[in-house]
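Working notes, beginning with the structure itself.
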Amino acid sequence: MDSFGPVLMPNKFPIAALLLLTACEPGPKIPNPANEIPVAPFTDITASAGIQFVHVNGAFGDKLLPETMGGGVAFLDYDRDGHQDLLFVNSSYWPDHPPPDAPAPTLALYRNDGHGRFTEVTAGSGLDIPFYGMGVAIGDYDNDGLPDVFITAVGHNRLFHNEDQGKFREVAHPAGVAGSPVGWSTGAAWIDYDNDGLLDLFVSNYVNWSADSDRAASYELPKIGRAYGPPRNFHGTFPYLYHNEGNGRFRDVSASAGIQIKDPATGFPMAKSLAIAAVDVDNDGWIDIVVANDTVPNFLFHNQHDGTFKEIGAFSGVAYDAYGLVRGAMGIDSARFRNDDALGIAIGNFANEMNALYVAQRDSLLFADEAIKEGVGPASQKLLKFGLFFFDYDLDGRLDVLTANGHLEPEIDRMDPDQHYRQPAQLFWNRGDKKGLGFVPVPPEKCGQDLFQPIVGRGSAFADIDSDGDLDVVLCQIAGPPLLLRNDQTLGHHWIRLKLVGTRSNRDAIGAWIQARVGDHTLSRQVMPTRSYLSQSELPVTIGLGDAPRVDSVEIEWPSGARQKIQPAIDRLTIITEPR
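In case it helps, this note's numbering puts the sequence shown at residues 14 to 593.
In structure tokens, the structure reads:
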């Protein structure tokens, strides 16, 4: 998030540096495939669906950094009726600057009626507590069948235990996951890192911040004056890792687990983290953690199977760009987007920095940034990317990419006429070409103008809100209303939709892999709601089949290690319970 561009990290080239440089050379030029992009419109239904939420960041002129960085959102089925509800994370007014007679901002919970219409049910739910919220992680940490809610914040974090009947109880302190009263937590993920059937909690922290230190930095920009400062004005932080003890309590194992990385030059904590991708990078049955860091190297915590992790970001090739530079990494997601064994890790970076798309090579722990070759690089460069995720919006069996974008500085165009505070989203269609350009930007005439409304984009998520099989989208923004976009494609493509219920594994089956065989293609999808920036997408997994009327085989690899072959129904939801 450095306004003056990337920072060089000397003597930090990974082993795979030559591979990275080669992979980032532009691929062969191919004809413009725009006529191949399907027509699949998205329609803004925010108002008609009943969403009236407006994010509050409390900005009053001092330009305090947290004002720019919130905006998380989650899809969840909080009441177990099979419909995807919405939870918006709000920030707040600063304690010494509340507007007169303004109600205190809180989280906003909306219940879905199953047809994509929502009713706010926050009042009296227990979620109606004011604090300066940032991000959200949804997970059933006590395996009682009810999704619980963890919220990151400036100050203490919150854990809301789902008590059923639309009620939640805040239990962060007795559970041991409140964090520091002066901390600033951002992205979070529920994961079962030790495969004991209980969800543990990984929480990233951004910078060591206070309002006084922010004001003392006196950061300014030409033609603007006082501006939101970059993270280089602040020391880094350590993330938290909490082990689930199975009794409603968690144990902080951050130090012993090996995730507290120090800057060797200063001795201070290195991480300036915003988002997390939890994925089994090397297919060994143990979940690893990729952390998107802002202006410092990204991390890859490789699971050592003994409760510890080894940080191998530089070795693996995901820490830097191809030239050994760090970037302003914001949102992140991972997927096997080519429908082969190669894992891709996509990261949305700061303005004037391309998206990253790190793709695993023959060694699954070595990655090369193929953003240019794959087509998600140059087209993204001008935008400031926050929310980012893979999803199959046209149900053709190939995962596409959507980014939510927006700048930090409201008056950035005074300094740089090519930059704007409000920016349109960007959608990349996956054309499935493994020999050249994989993704192409989707123009408005192919998916409608509603998706590209300029907003100060931050968190983003997807879910099927109206039970028609395709994936709808929510984009959030700072100090404004969200965009709820209904997917109105009518391409006639088939799909399967699976909800997994763990028994030996965690009940949400977070971390499970689903492999669907369709003709000569294998479509691999992970059960992982943690995606994008500060956000959570739905738990069920939708797999597009294109024109295929059936799926040849489906195999589930559960977090417990069990494998299960199933034959799901086409064009409808199938619930699968793990065999005991």
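Positions of the beta carbon are idealized from the N, C-alpha and C atoms, including for glycine.
Endpoints, the alpha helix (DSSP H) within which residue i is located
i	result
residue 329	326 to 329
residue 537	No alpha helix (DSSP H) contains residue 537, which is instead part of the beta strand (DSSP E) from 534 to 539.
residue 275	First-last for residue 275: undefined, no H or E at that position.
residue 454	Segment 452 to 454 is the beta strand (DSSP E) holding residue 454; no alpha helix (DSSP H) there.
Residue i in three-state terms, based on DSSP
i	result
residue 551	coil
residue 424	coil
residue 385	helix
residue 163	strand
residue 362	strand
residue 193	coil
residue 373	strand
residue 295	coil
residue 202	strand
residue 282	strand
residue 78	helix
residue 510	strand
residue 484	coil
residue 408	coil
residue 521	coil
residue 264	strand
residue 579	strand
residue 395	coil
Span separating the alpha-carbon of residue i from that of residue j
i	j	result
residue 337	residue 309	11 Å
residue 513	residue 590	6 Å
residue 258	residue 264	7 Å
residue 206	residue 541	13 Å
residue 180	residue 130	21 Å
residue 119	residue 111	14 Å
residue 46	residue 505	Here the model assigns residue 46 a pLDDT of 38, short of 50, so the residue's position is not dependable, and the following value carries that caveat. If I take the Cα positions, the gap works out to 21 Å.
residue 462	residue 76	32 Å
residue 474	residue 402	8 Å
residue 208	residue 348	21 Å
residue 358	residue 55	26 Å
residue 365	residue 394	5 Å
residue 116	residue 71	12 Å
residue 414	residue 346	9 Å
residue 67	residue 125	18 Å
residue 577	residue 528	10 Å
residue 437	residue 187	42 Å
residue 543	residue 175	19 Å
residue 573	residue 296	13 Å
residue 167	residue 530	45 Å
residue 328	residue 147	31 Å
residue 489	residue 320	35 Å
From the options, residue whose alpha carbon lies closest to that of residue i
i	options	result
residue 241	81, 532, 319	81
residue 121	63, 568, 408	63
residue 344	433, 287, 333	287
residue 550	515, 149, 269	149
residue 507	184, 407, 593	407
residue 316	470, 155, 204	204
residue 236	199, 429, 159	429
residue 539	352, 292, 427, 147	292
residue 267	277, 282, 260	282
residue 306	252, 457, 543, 151	252
residue 275	324, 583, 128	324
residue 492	231, 378, 471, 183	471
residue 139	557, 108, 152, 178	178
Classification of residue i by the beta-carbon crowding that lies within 10 angstroms, buried from 16 upward
i	result
residue 36	With a pLDDT of 37 at residue 36, under the threshold of 50, the predicted position of this residue should be treated as unreliable, and no value is reported.
residue 518	buried
residue 376	exposed
residue 354	exposed
residue 555	buried
residue 545	buried
residue 582	exposed
residue 382	buried
residue 439	buried
residue 340	buried
residue 303	buried
residue 422	buried
residue 278	exposed
Boundaries of the beta strand (DSSP E) in which residue i is found, first to last residue
i	result
residue 187	Segment 185 to 188 is the alpha helix (DSSP H) holding residue 187; no beta strand (DSSP E) there.
residue 644	Not covered by the structure: residue 644. The range shown for the chain is 14 to 593.
residue 366	It is not in any beta strand (DSSP E) - residue 366 carries neither H nor E in the DSSP assignment.
residue 348	342 to 348
residue 568	566 to 570
residue 305	301 to 306
residue 269	Counting along the chain, residue 269 falls outside any beta strand (DSSP E), and DSSP gives it neither H nor E.
Check: residue i C-beta below 7 Å from any heavy atom of the ligand HEM
i	result
residue 467	Ligands are entirely absent from the displayed structure, and the ligand HEM is therefore not among its contents.
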